[in-house]
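Following our numbering, the numbering of the sequence shown begins with 54 at its first residue and continues without gaps.
Glycine is no exception: its CB is placed at the ideal position from the N, C-alpha and C atoms.
Computed from a predicted structure; not experimentally measured.
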Amino acid sequence: MVLPDEHYMDLALEAAAAAGHAGDVPIGAVLVHEGEVLAVAGNRREQDDDPTAHAEILVLRQAGARLGSWRLCDCTLYVTLEPCPMCMGAAINARISRLCFATRDPKAGAAVSCYHLGTDERLNHRMLVTEGVRAWEASEMLSRFFASLRAGSREVWRPESQ
């Protein structure tokens, strides 16, 4: 039986793989409200020539447009890699209730690794942070992507269907 967090992270992993095949770093995000998927996206920085086209930012924009509001209260953001400071700031400003990410980013992670923005009491909003859902799959996808770049290939590892 696939649990809800694993199910939504599987969707994020699919979006990450698609981003990797398109030449972007394979990071995917899904935004869910009360069991309904509002938005799914993978990184598009390379495709869009946009430094802000991170998967998290794209799903926040899509969900805001779909709901007609920038306030995304009671939503869970699923992402394959711990969000950077820009993405955590956007999630905080959008009033995301919960962040669930697969693997840590020791160089730029802003949820638990380098910063703790989602739980920082100095900020006006805090969120529940869950980590480690499908961590191996997300980490392996990123490792293989960067190894393939070093080898001059664009092959991206895809997780097996659950």
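Compare the beta carbon distance of G162 and I145 with 8 Å and say whether it is the shorter of the two.
By one-based count along the sequence shown, residue 162 stands at place 109. By one-based count along the sequence shown, residue 145 stands at place 92. Contact flag unset, no.
Output the boundary residues of the beta strand (DSSP E) element that contains G81.
Taking the sequence shown and counting its residues from 1, the one referred to as residue 81 is at position 28. Start and end: G81 to H86.
Using a Cβ-Cβ cutoff of less than 6 Å, which residues in the same chain neighbour L84 once the five nearest sequence positions on both sides are dropped?
Against the sequence shown, residue 84 aligns to sequence position 31. So the list reads L91, A92, V112, A116, C128 and L130, once near-sequence residues are dropped.
Taking the CB atoms as reference points, tell me whether A191 and L134 lie closer together than 8 Å.
On the sequence shown, position 138 is the one that residue 191 refers to. On the sequence shown, position 81 is the one that residue 134 refers to. For A191 and L134, yes; Cβs fall inside 8 Å.
State yes or no: is the C-beta of A94 within less than 8 Å of the C-beta of A75?
Position 41 of the sequence shown holds residue 94. Position 22 of the sequence shown holds residue 75. No, they are not a contact pair.
When DSSP builds the beta bridges, which residues end up paired with Y131?
Start at 1 with the first residue of the sequence shown, and residue 131 comes out as number 78. In the DSSP output, where bridge partners are listed per residue, Y131 has V83 and C153.
Which residues in the same chain have their Cβ closer than 6 Å to the Cβ of T183, if we skip the five residues on either side of it in sequence?
Position 130 of the sequence shown, counting from 1, holds the residue named residue 183. Cβ neighbours of T183 beyond the five flanking positions: C153.
Contact defined as beta carbons within less than 8 Å: I believe I110 pairs with A143. What is the distance between those atoms, to the nearest angstrom?
As a working note, residue 110 is residue 57 in the sequence shown. As a working note, residue 143 is residue 90 in the sequence shown. Their Cβ separation, rounded to whole angstroms, is 6 Å, which keeps I110 and A143 in contact under 8 Å.
Identify, in the order they occur along the chain, each residue of the same chain with its Cβ nearer than 7 Å to the Cβ of C140, setting aside the five sequence neighbours on each side.
In the sequence shown, the residue the question calls residue 140 occupies position 87. Answer for C140: H107, E109 and I110, listed in chain order.
Quick one: measure Cβ to Cβ for G81 and A65, integer angstroms, because I've assumed they're closer than 8 Å.
Numbered from its first residue, the sequence shown carries residue 81 at position 28. Numbered from its first residue, the sequence shown carries residue 65 at position 12. So it is a contact: roughly 4 Å between Cβ atoms.
How many Å lie between F199 and K160 at the Cα?
Here the question's residue 199 lines up with position 146 in the sequence shown. Here the question's residue 160 lines up with position 107 in the sequence shown. Taking the straight line joining both Cα atoms gives about 15 Å.
Three-state secondary structure (DSSP) at V93?
Within the sequence shown, the letter at position 40 stands for residue 93. Three-state result, V93: strand.
Over the uninterrupted alpha helix (DSSP H) stretch that includes V112, give me the two end residues.
Translated into positions along the sequence shown, residue 112 becomes position 59. From DSSP, the alpha helix (DSSP H) with V112 extends over A108 to L120.
Following the continuous alpha helix (DSSP H) through E59, name the residue where it begins and the one where it ends.
Your numbering for residue 59 matches position 6 in the sequence shown. Looking at the DSSP string, the run of the alpha helix (DSSP H) that includes E59 is P57 to H74.
From this set, S196, G185 and G205, which residue's C-alpha is nearest V78's C-alpha?
Stepping through the sequence shown from its first residue, residue 78 is reached at position 25. If we check each option's Cα against that of V78, S196 comes out closest.
Please classify A118 as buried or exposed, where buried requires at least 16 neighbouring CB atoms within 10 angstroms.
Here the question's residue 118 lines up with position 65 in the sequence shown. So A118 ends up on the exposed side.
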